[in-house]
Amino acid sequence: MVAAVFVADRGGLLLGWNERLEDIRSAQAQTPASGDVVFVAIDATSIQAVGTWPWSRQVHADVLDNLTAAGALDVFFDIDFAFPSDRAGDMALADALERSGSVYLPIFQQVGGARHNENTVNRPDTLFAERSWPALVNVFSDQQGAIRFYPYGDVIDGTYIPSAAALLTGAFSERSGSFPINYAIAPDSVPTFSAVDIASGNFNPDDIAGRSVVVGASAIELGDLFTVPVHGIIPGPLVHVLATETLAAERVPATLAVEWLLLALLALLLVLQTRIFRKPAALIAAAVLSLLASEAAAYAAFAQQAIVVPTAALYPSLLVFCSWSLLKKLHRNRQVIARQRQQVANTSALLRQVVDDSFDAIAIVDETGAVQMHSDSAARLFGLDANDKLQVPQRLKDEALETMRTGTGRDIRKYEASGSAASLHLEYTVTPSQTISFENGKARHVQIATLSMRDVTRIKEQDREIAYLSSYDALTGALRRNVFLEFMGLRADAGEPFAVFAFNLSRFKTVNVVLGREVGDALLQSVIRRLEEAGLNLSAPARLGGDTFACFTEFPTDEDEAAALAERLCEIIAEPYTLEDAKARIGVKLGYAMIRPADGHSPTDALSQAEEALDAARHSGNGAPQAYAPALSAKQFRSREIERAMGRALDREEFEVWYQPQHRLSDLKLIGSEALLRWTSNRLGQIYPDEFIEIAESTGFINELGAWVLERSVLDTMALPEPLSVAVNVSGVQMTGDGIVSQINGLLQRTGFPASRLCLELTETVLFDGTADLVEKMRDIQFRGVSWALDDFGTGYSSLGYLSRLPIEKLKVDKSFLLGLGKDPAAEPILCAIGDLCRGLGMTLLCEGVETEEHLAFLQTRAFAEGQGYLFSRPMPYADFEAYVTKEARAAAPVVKTASRPGRR
Numbered sequence: 003m004v005a006a007v008f009v010a011d012r013g014g015l016l017l018g019w020n021e022r023l024e025d026i027r028s029a030q031a032q033t034p035a036s037g038d039v040v041f042v043a044i045d046a047t048s049i050q051a052v053g054t055w056p057w058s059r060q061v062h063a064d065v066l067d068n069l070t071a072a073g074a075l076d077v078f079f080d081i082d083f084a085f086p087s088d089r090a091g092d093m094a095l096a097d098a099l100e101r102s103g104s105v106y107l108p109i110f111q112q113v114g115g116a117r118h119n120e121n122t123v124n125r126p127d128t129l130f131a132e133r134s135w136p137a138l139v140n141v142f143s144d145q146q147g148a149i150r151f152y153p154y155g156d157v158i159d160g161t162y163i164p165s166a167a168a169l170l171t172g173a174f175s176e177r178s179g180s181f182p183i184n185y186a187i188a189p190d191s192v193p194t195f196s197a198v199d200i201a202s203g204n205f206n207p208d209d210i211a212g213r214s215v216v217v218g219a220s221a222i223e224l225g226d227l228f229t230v231p232v233h234g235i236i237p238g239p240l241v242h243v244l245a246t247e248t249l250a251a252e253r254v255p256a257t258l259a260v261e262w263l264l265l266a267l268l269a270l271l272l273v274l275q276t277r278i279f280r281k282p283a284a285l286i287a288a289a290v291l292s293l294l295a296s297e298a299a300a301y302a303a304f305a306q307q308a309i310v311v312p313t314a315a316l317y318p319s320l321l322v323f324c325s326w327s328l329l330k331k332l333h334r335n336r337q338v339i340a341r342q343r344q345q346v347a348n349t350s351a352l353l354r355q356v357v358d359d360s361f362d363a364i365a366i367v368d369e370t371g372a373v374q375m376h377s378d379s380a381a382r383l384f385g386l387d388a389n390d391k392l393q394v395p396q397r398l399k400d401e402a403l404e405t406m407r408t409g410t411g412r413d414i415r416k417y418e419a420s421g422s423a424a425s426l427h428l429e430y431t432v433t434p435s436q437t438i439s440f441e442n443g444k445a446r447h448v449q450i451a452t453l454s455m456r457d458v459t460r461i462k463e464q465d466r467e468i469a470y471l472s473s474y475d476a477l478t479g480a481l482r483r484n485v486f487l488e489f490m491g492l493r494a495d496a497g498e499p500f501a502v503f504a505f506n507l508s509r510f511k512t513v514n515v516v517l518g519r520e521v522g523d524a525l526l527q528s529v530i531r532r533l534e535e536a537g538l539n540l541s542a543p544a545r546l547g548g549d550t551f552a553c554f555t556e557f558p559t560d561e562d563e564a565a566a567l568a569e570r571l572c573e574i575i576a577e578p579y580t581l582e583d584a585k586a587r588i589g590v591k592l593g594y595a596m597i598r599p600a601d602g603h604s605p606t607d608a609l610s611q612a613e614e615a616l617d618a619a620r621h622s623g624n625g626a627p628q629a630y631a632p633a634l635s636a637k638q639f640r641s642r643e644i645e646r647a648m649g650r651a652l653d654r655e656e657f658e659v660w661y662q663p664q665h666r667l668s669d670l671k672l673i674g675s676e677a678l679l680r681w682t683s684n685r686l687g688q689i690y691p692d693e694f695i696e697i698a699e700s701t702g703f704i705n706e707l708g709a710w711v712l713e714r715s716v717l718d719t720m721a722l723p724e725p726l727s728v729a730v731n732v733s734g735v736q737m738t739g740d741g742i743v744s745q746i747n748g749l750l751q752r753t754g755f756p757a758s759r760l761c762l763e764l765t766e767t768v769l770f771d772g773t774a775d776l777v778e779k780m781r782d783i784q785f786r787g788v789s790w791a792l793d794d795f796g797t798g799y800s801s802l803g804y805l806s807r808l809p810i811e812k813l814k815v816d817k818s819f820l821l822g823l824g825k826d827p828a829a830e831p832i833l834c835a836i837g838d839l840c841r842g843l844g845m846t847l848l849c850e851g852v853e854t855e856e857h858l859a860f861l862q863t864r865a866f867a868e869g870q871g872y873l874f875s876r877p878m879p880y881a882d883f884e885a886y887v888t889k890e891a892r893a894a895a896p897v898v899k900t901a902s903r904p905g906r907r
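Counting in my numbering, the sequence shown runs from 3 upward without gaps.
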């Protein structure tokens with residue numbers, strides 16, 4: 003086969019096919035022309051503007067002069083100047099040729115007529131030939147009449163004449179033969195100008211400067227048109243342009259030797275024979291993919307390197323090979339059919355076994371509603387009648403018949419049946435299909451439907467149980483909080499006043515410990531049962547927590563009735579309980595709130611009021627029910643308001659970091675600041691740290707807030723004009739968490755802030771409650787370069803023990819000692835003792851509360867290190883602190899040795 007293909011290629015039988023494939027690749031790989039060759043077209047507009055043809059040579063002279071003036075590199079006229087015209091026009095063109103010096107005029111050979119057997123050479127007139135260079139313009143078409151090749155040049159009358167493309171590209175060597183034109187170059191991308199515009203100077207010289215120019219006819223009426231591959235009919239001058247672009251870009255198509263392709267074909271046929279030919283679809287797919295791959299490779303080779311791969315040989319080769327392989331496969335299939343018939347019988351038996359063993363119940367119903375086949379699980383689900391027929395419910399049969407009629411189905415459906423026996427829940431699908439039945443030797447299509455059913459009764463029971471547990475407490479059967487609030491909302495919608503009770507069982511934990519958890523659980527169940535049987539016209543009770551419950555009145559209630567009912571509830575609950583041969587007595591703490599429609603409280607607010615009253619009852623000490631009192635719960639209400647507002651305060655940018663300067667006392671130089679958090683709520687106004695920090699710590703929000711303060715402080719300090727340090731307070735809650743070390747390491751790495759400029763402050767209370775884990779975290783952070791300071795020293799559980807074992811580098815003395823100077827006789831000796839202690843331990847001492855010149859003088863006299871207070875500045879927003887830093891930098895002066903600086907601030 004390979005040899006036959008080789009002979010066909012050498013005989014030229016595949017030439018036309020290869021040329022057609024090359025044309026297709028050229029059409030797909032279209033690239034724009036370089037733009038280095040410009041086409042000046044003698045188009046219909048030019049002919050109409052001049053009015054006659056042939057033109058006076060004066061027009062051509064004008065064209066050439068304007069091109070020369072525009073800086074054209076060289077000019078080729080594809081126009082016959084073999085004969086003289088009007089004298090003035092000829093002289094004008096001759097002069098223009100003389101001025102240009104780089105013009106090529108055409109020379110071509112014409113085959114003689116029937117009586118002559120020699121060729122005639124057509125040359126420019128001597129007047130023009132002496133002032134120009136000759137350029138060969140002969141092109142020849144193939145058998146289909148298309149111009150595919152272009153000559154390098156030819157010998158005419160013993161002289162080698164280069165072709166126009168060779169001259170325009172500077173290829174002056176005497177090279178014989180021709181080269182294929184690369185028609186992947188798009189003719190419409192060649193810069194084209196109308197000759198009349200060039201002659202009249204109506205063009206931009208920059209479009210001509212440094213470029214080669216081809217001048218020739220494009221008008222249809224002039225007849226200078228050629229058929230070319232890919233692009234059809236184009237003007238003759240464009241053929242020269244495309245040939246020039248082919249040579250200039252070094253994109254001359256080169257044909258790959260067919261021997262290489264035949265070697266690849268031989269390898270492919272060997273692979274197909276040994277691996278894939280047994281599967282016809284795979285064989286055809288492989289053949290098609292091979293052709294596509296070869297064409298893709300041929301396209302890539304042509305588009306990238308202008309290499310022509312003659313792939314035409316692959317098509318007949320693969321067609322013949324695939325036909326032979328398929329015929330061989332057909333012969334084998336006839337032998338297989340007999341074996342497959344036996345396999346069908348075996349498969350039918352196997353399918354019967356699969357249906358019988360299926361976990362899902364399966365029943366196949368025909369178009370008459372009769373069950374043709376069913377699984378054993380279906381028999382167990384529905385049972386069999388006296389004739390051993392499956393007792394499928396009529397509804398399922400009807401749906402099977404409807405599905406066969408409409409052809410729809412396959413969606414999951416539900417079936418529920420309940421009666422004296424246990425309920426049945428099914429999920430099932432109905433799938434219509436057809437089988438072929440043979441009757442009297444004739445095939446007939448029979449409609450069937452397959453019922454695939456799964457028993458989900460147990461799952462439904464579990465769903466109901468889950469739904470119950472989402473609304474009711476599993477142990478006591480009491481309502482859950484969310485359902486209780488929904489019922490309260492319905493009660494409030496009635497527009498009547500009612501009372502909400504919240505109560506807690508006293509000594510319940512003692513019952514659990516002494517009598518056991520099982521007795522404790524039984525006690526809770528007895529409490530709920532006793533409430534339900536009390537006949538007090540109360541709602542179903544709700545379990546709010548371990549031993550905390552709530553209920554509300556189902557009838558209009560005033561304050562007196564609510565108070566009496568509260569007393570009665572306490573009496574009922576406090577009565578002794580007999581539980582599993584043991585008696586238990588418990589107490590009860592109860593709080594209640596009156597809900598009136600005019601108050602506009604939500605169910606959540608109403609329950610919160612009752613719980614606040616319960617808190618008051620717990621702390622009262624007398625065991626009496628407590629009614630909700632707004633005055634007593636103002637602080638709790640305020641705390642809840644702050645907690646609610648805090649959740650979105652960060653997103654609303656309500657928090658702000660202020661800064662209070664810290665100065666070195668020896669020369670009063672500004673060395674850093676303490677970051678102080680401020681909060682102005684859009685709804686609650688100014689909220690002080692003493693009020694919201696404790697709430698943030700109790701809710702855990704302090705972790706998020708503390709991280710924000712730390713990052714904001716670092717970024718602000720980095721933006722200051724001076725390299726100052728910053729001290730940031732850290733909460734004990736942050737220190738007990740797991741992420742404080744990684745958080746600080748990540749912040750320093752992300753921002754590039756020097757760790758030595760960051761100081762973290764802790765209070766004595768945190769250290770007193772500290773553990774070995776806290777000390778380890780402090781040392782990990784200190785190892786990174788961050789320093790630790792002990793804030794408000796002297797006001798908490800001061801201990802010399804933790805000063806010696808903790809990584810503390812700075813003590814901050816509480817301002818109360820400095821403010822006590824002159825008032826408290828112990829203030830001065832305490833301060834002096836702390837100063838000596840710090841010097842002995844190698845710690846830095848910073849005094850807070852420096853408010854007067856006397857304070858400053860006292861500290862400087864006793865060589866205290868650093869100070870902070872109103873004498874220097876109050877805490878201020880970042881913008882003001884930035885201005886303060888700038889002012890301090892400008893006012894920097896030699897060390898001040900006096901105790902005071904009048905007029906400093």
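Using N, Cα and C, we set each Cβ at its ideal position, and we do this for glycine too.
Quick check: what's the CA-CA separation for residue 904 versus residue 854?
Confidence at residue 904 is low in this model, with a pLDDT of 36, below 50, so the placement of that residue should be treated as unreliable; the coordinate-derived value is given next. Each residue's Cα considered, the two are about 12 angstroms apart.
Whether residue 130 touches residue 95 by CB criterion (9 angstroms):
yes
Bridge partners for residue 790 per DSSP, in chain order?
762
Is residue 893 helix, strand or coil when you go by DSSP?
coil
Alpha carbon to alpha carbon, how far is residue 738 from residue 894? Give it in angstroms, no decimals.
42 angstroms
Mapping the DSSP letters down to three states, classify residue 456 as helix, strand or coil.
strand
Given that a residue counts as buried once 16 or more other Cβ atoms are within 10 Å of its Cβ, and exposed if not, what is residue 570?
exposed
Backbone secondary structure at residue 657 - three-state DSSP:
strand
Could you spell out where the beta strand (DSSP E) holding residue 375 opens and where it closes?
373-376
Alpha-carbon to alpha-carbon, residue 154 and residue 47
33 angstroms
Report the rounded CA-to-CA distance for residue 780 versus residue 757, giving the unit in angstroms.
14 angstroms
Exposure label - residue 313; buried when at least 16 CB within 10 Å:
buried
Measuring only the C-alpha atoms, how far is residue 1 from residue 659?
Coverage of the chain is limited to positions 3 through 907, which leaves residue 1 absent and any answer about it impossible.
From 741, 541, 822, 684, residue whose alpha carbon lies closest to that of residue 709:
741
Of the residues 790, 566, 561, 531, the one placed nearest residue 551, counting alpha carbons only
531
Determine the direct distance from the alpha carbon of residue 380 to that of residue 373, and round the result to whole angstroms.
11 angstroms
Whole beta strand (DSSP E) runs in the stretch 548-573 with 3 or more residues, listed along the chain?
550-554
For residue 817, count neighbouring Cβ atoms within 10 angstroms of its own Cβ and tell me buried if that reaches 16, exposed if not.
buried
Three-state class that DSSP yields for residue 210 in the structure shown:
coil
Excluding the 5 residues preceding and the 5 following residue 301 in the sequence, name in chain order all residues of the same chain whose CB lies nearer than 8 angstroms to its CB.
27, 30, 31
My output table needs one value for residue 462: the three-state DSSP class, helix, strand or coil.
helix
Output the residue ranges of the alpha helix (DSSP H) runs that lie fully inside the stretch 130-170 and measure 4 residues or longer, sorted by chain position.
166-170
Enclosing alpha helix (DSSP H) for residue 2 [first to last residue]
The requested residue 2 does not occur in the structure, where the chain is confined to residues 3 to 907.
With 16 other CB atoms within 10 Å as the buried threshold, where does residue 115 fall?
Per-residue confidence for residue 115 stands at a pLDDT of 48, beneath the threshold of 50, marking its modelled position as unreliable; the derived number appears in the next sentence. Classification for residue 115: exposed.
May I ask you to verify whether the stretch 609-624 touches the stretch 573-587, counting CB pairs closer than 8 angstroms and requiring at least 3?
no
Buried versus exposed, by CB contacts within 10 Å (16 or more), residue 591
buried
Quick check: what's the CA-CA separation for residue 517 versus residue 525?
11 angstroms
Taking 8 angstroms as the cut-off, does the stretch 80-90 touch the stretch 53-62 (at least 3 CB pairs, one atom from each stretch)?
yes
Which whole runs of the alpha helix (DSSP H) in the stretch 37-107 are 4 residues long or more, in chain order?
46-52, 59-71, 89-102
Which stretch, first to last residue, makes up the alpha helix (DSSP H) that contains residue 531?
519-535
Candidates 657, 720, 601, 783: closest to residue 691 by CA position
657
CB-CB under 7 angstroms to residue 688, same chain, minus the five flanking residues each way: which ones, in chain order?
682
Assuming contact is defined by CB atoms lying nearer than 9 angstroms, are residue 367 and residue 403 in contact in what I supplied?
yes
Would you say residue 566 and residue 629 are within 9 angstroms of each other, going by their C-beta atoms?
no
Three or more beta-carbon pairs under 8 angstroms between the stretch 722-731 and the stretch 661-675, yes or no?
yes
Same chain, Cβ closer than 6 angstroms to residue 842, neighbours up to 5 away in sequence not counted:
none
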